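Following: one structure in structure tokens, then a few remarks.
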Amino acid sequence: MTIYFALLRGINVSGHNMIKMPELKRMVEEMGYKRVQTYINSGNVMFEADVSADTLEEKLEKEISRVFGFNIAVFVRSAAELASIIGQSPFKSVVLEDKQSIHLTLLKEAPTQEQLDKLPEVEQGEDEYLIRGKEIYFLYRQSVLDSKLTKKFQKLLPATDRNWKTILKLDAMART
15 MTIYFALLRG INVSGHNMIK MPELKRMVEE MGYKRVQTYI NSGNVMFEAD
65 VSADTLEEKL EKEISRVFGF NIAVFVRSAA ELASIIGQSP FKSVVLEDKQ
115 SIHLTLLKEA PTQEQLDKLP EVEQGEDEYL IRGKEIYFLY RQSVLDSKLT
165 KKFQKLLPAT DRNWKTILKL DAMART
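Residues 15 to 190 in this note's numbering are what the sequence shown lists, from first letter to last.
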């Protein structure tokens, strides 16, 4: 069995697409997956399964639609993939100061050069990013809410974003 993480996009935001974590956990358990745990209210689920990540994304999206009545994107990564993503972070040695943060955006597939060429130019300021496969690493040197950099990537959808603390916590969950 492989440990996976499903990260749901756009739930429990401003009263829209509401899913209570105990209900999400129950749904995943009823799908037959083992060792199901959720983490915080933004839709992070760890579980064990012996099917591919692509199959899991599709199954989870369909079941969420059936059970909760709305369509959202689900991004699945194995625990091994998540550990590799963490290990490849270009910002892992950065010591964060006040208002600074590291974020990870997960995509369904790696962007093509054509897609990247169509992205708008924005004033980057001191913020930094690196695209590696299906992930985009961000280092915000100011508040993420004040950064223009996130707007640059809004057209690379579907995508979901997590702060680095959440990513590290998910990795720790897989190890316990």
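By construction, the Cβ of each residue, glycine as well, lies at the ideal position given by its N, Cα and C atoms.
What you are looking at is a predicted structure, and each value in this text was computed from that prediction instead of being measured.
Take residue i as the anchor and find which of the options has the nearest alpha-carbon.
i, options, result
"ILE116", "PHE105, ARG91, ASN85", "PHE105"
"LEU121", "LEU170, LEU133, GLU128", "LEU170"
Using DSSP's beta-bridge definition, name the partner residues of residue i.
i, result
"LYS48", "GLU62"
"PHE89", "LEU21"
"ASP175", "THR119"
Quick one: using the 10 Å Cβ neighbour count with 16 as the cut-off for buried, is residue i buried or exposed?
i, result
"PRO191", "Beyond the ends of the chain as shown, which are 15 and 190, falls residue 191; an answer cannot be given."
"GLU149", "buried"
"THR5", "Only positions 15 to 190 of the chain appear in this structure, which leaves residue 5 out of reach."
"VAL27", "exposed"
"LEU159", "exposed"
"PHE84", "exposed"
"LEU144", "exposed"
"VAL50", "buried"
Near residue i, what residues of its chain come up, given a Cβ to Cβ distance below 8 Å and the 5 sequence neighbours on each side ignored?
i, result
"ASN58", "PHE19, ALA20, LEU21, LEU22, THR52, ARG176, THR180, LEU184"
Can you list, in chain order, the residues of its chain whose CB lies under 7 Å from that of residue i, leaving out five sequence neighbours each side?
i, result
"MET35", "THR52, ASN55"
"GLN114", "TYR154, ARG155"
"ALA63", "MET15, THR16, TYR18, TYR47, LEU70"
"ARG146", "GLN102"
Residue j and residue i - do their beta-carbons sit closer together than 9 Å?
i, j, result
"ALA188", "ILE17", "yes"
"VAL90", "MET41", "no"
"MET32", "GLU77", "no"
What does a CB cutoff of less than 6 Å around residue i pick up in its chain, not counting 5 residues either side in sequence?
i, result
"ALA87", "ARG23, PRO172"
"SER161", "ASP141, TYR154"
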